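**Q** Here's a structure for you.
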Amino acid sequence: MKTDLIEIFQTIRAELQPYAALSFNNRINSEEAYDLWSEKNIKDEGITERFFAEVKIESDHVVFRYSSLTGDGEQQDEIRQLDDVTMKKLDDELSATYKVFKEQEWV
Numbered sequence: 001m002k003t004d005l006i007e008i009f010q011t012i013r014a015e016l017q018p019y020a021a022l023s024f025n026n027r028i029n030s031e032e033a034y035d036l037w038s039e040k041n042i043k044d045e046g047i048t049e050r051f052f053a054e055v056k057i058e059s060d061h062v063v064f065r066y067s068s069l070t071g072d073g074e075q076q077d078e079i080r081q082l083d084d085v086t087m088k089k090l091d092d093e094l095s096a097t098y099k100v101f102k103e104q105e106w107v
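Structure below.
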């Protein structure tokens, strides 16, 4: 189980980084924050960007934020400990969110 915030952040960022190769762009890529956005123009919606996910270090936890499955809102987890079960949950959330983005042609 990981309890060091930097180690937790780096582990989650490593999980997010492969999505950058799947048509996502990052605006923040630092030692304390990393995010991904889709910048695909959405026909008939006038939308030119859509938030996908972010991980960042706060004072006493790591925040993992991701687009809700509808793409209209966001979900957030505050992580103080990272074990295999939590990592699997985060991975499942990313996979499900990516599937919706793909189905909706947001990437």
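What the sequence shown shows, in my numbering, is residues 1 to 107, in sequence order.
C-beta atoms are modelled at their ideal positions from N, C-alpha and C, and glycine is treated no differently.
As the structure is a computational prediction, the values presented were derived from the model and not from experiment.
1. Give me the Cβ distance between ILE28 and TYR19, rounded to the nearest whole Å; I'm assuming they're in contact under 8 Å.
2. Scan the segment 51-86 and note each continuous beta strand (DSSP E) run of 3 residues or more that stays entirely inside, going in chain order.
3. State the CB to CB distance for the pair GLU74 and ARG80, rounded to an integer number of angstroms; the pair is presumed to be in contact (CB under 8 Å).
4. Taking the alpha helix (DSSP H) that ALA14 falls in, what are its first and last residues?
5. For LYS2, which residues from the same chain have a beta carbon less than 6 Å from its beta carbon, with the 5 sequence-adjacent residues on both sides left out?
6. Using three-state DSSP, classify LYS2 as helix, strand or coil.
7. Using a 10 Å radius around the Cβ and a threshold of 16 neighbouring Cβ atoms, would you call ALA53 buried or exposed?
8. By how many angstroms is the C-alpha of SER68 removed from the C-alpha of TRP106?
**A** Based on what the coordinates show:
1. Between TYR19 and ILE28 the Cβ distance is about 14 Å, and since that is not below 8 Å, they are no contact.
2. Counting only runs of 3 or more, we get 62-67 and 74-79.
3. At roughly 20 Å, the Cβ-Cβ gap does not stay under 8 Å, so GLU74 and ARG80 are not in contact.
4. For ALA14, the enclosing alpha helix (DSSP H) covers residues 5-16.
5. Closer than 6 Å at Cβ, skipping near neighbours: ILE8 and LEU82.
6. Strand at LYS2.
7. Around the beta carbon of ALA53, 16 or more other beta carbons sit within 10 angstroms, so the residue counts as buried.
8. Near 13 Å, if we compare the C-alpha coordinates of SER68 and TRP106.
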